[in-house]
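Let me begin by presenting the structure, written as structure tokens, before commenting on it.
In the numbering used here, the protein residues as written are 94 to 145.
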């Protein structure tokens, strides 16, 4: 599947990134609050980017 980087895990970003990960895409996420990105990765897999 495709490698996807998603910026922002707010009300819209988190569900979209989750669906992409569930579909088998290799998802990297970034959020200005690193803890939120780390929590997302722990729950859904993928990886968190340190910066943009």
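C-beta: ideal position from N, C-alpha, C; glycine also.
Small disclaimer: the values here were computed from a predicted structure and weren't measured.
Nearest-angstrom Cβ-Cβ length linking residue i and residue j, presumed shorter than 8 angstroms
i: residue 119; j: residue 96; result: 5 angstroms
i: residue 122; j: residue 110; result: 6 angstroms
i: residue 98; j: residue 128; result: Not really, about 19 angstroms apart at Cβ, beyond 8 angstroms.
Residue i vs residue j beta-carbon contact at 7 angstroms
i: residue 137; j: residue 114; result: yes
i: residue 133; j: residue 100; result: no
Beta bridge counterpart(s) of residue i as assigned by DSSP
i: residue 98; result: 121
i: residue 111; result: Note: residue 111 sits in no beta bridge, so no partner.
i: residue 141; result: 122
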